[in-house]
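**Q** Per our numbering, the very first residue in the sequence shown carries number 189; after that it's consecutive.
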Amino acid sequence: MTANDLSSLYRRYIACLNAQDWNRLGTFVHDEATHNGRPLGLAGYRAMLEKDFDDIPDLFFDVQLLVAEPPRVAARLQFRCTPKGEFMGLPVNGRTVSFTENVFYEFRDGKIASVWSVIDKAAIEGQL
């Protein structure tokens, strides 16, 4: 897979998330996916994302920076959203916050196998 192919695949994955098209998630996520070292598998990964959207109904993944070097992708995602209650242990409670996430993916068999994510919690704290 070329860097352009991987970038395009990643953008389709993000579109799948934003559409909450959970039936297509397996097109992009490996059956043995891990997130920050935790083995989740496809079902656990889907459950994690569904919970995120339940907790943050206006969640939208906005790709600000994308670097593809097969088999890896690095991205900086921007969010402006309104969590319903506590978010990352912070009492957001319906306030709109903006923050970024730096995330790295490793693909195997054309699907996301590993995800390492760091959310800018300090940016959220500064807005509360």
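Even glycine gets a Cβ: it sits at the ideal position worked out from N, Cα and C.
Since the structure is predicted, the reported quantities are computational estimates derived from the model, not experimental observations.
Determine whether the Cβ of G277 lies closer than 9 Å to any Cβ atom of chain C.
**A** Of the chains in the structure shown, none is chain C; there is only one protein chain.
**Q** Tell me whether the region 283-292 and the region 211-231 touch, counting them as touching only if at least three CB pairs, one residue from each stretch, are closer than 8 Å.
**A** Taking 8 Å as the limit for Cβ pairs, the verdict is that the region 211-231 does not touch the region 283-292.
**Q** For F275, is the beta carbon positioned less than 8 Å from some heavy atom of the ligand FMN?
**A** The ligand FMN is not part of the structure shown, which contains no ligands of any sort.
**Q** Identify the continuous beta strand (DSSP E) that holds K299 and give its terminal residues.
**A** Unbroken beta strand (DSSP E) run through K299: K299 to I307.
**Q** Provide the residue(s) that pair with C269 in DSSP beta bridges, ordered along the chain.
**A** DSSP, once it has assigned bridges, lists V285 as partnering C269.
**Q** Mind checking which residues open and close the beta strand (DSSP E) that includes D250?
**A** D250 to E257 is the extent of the beta strand (DSSP E) around D250.
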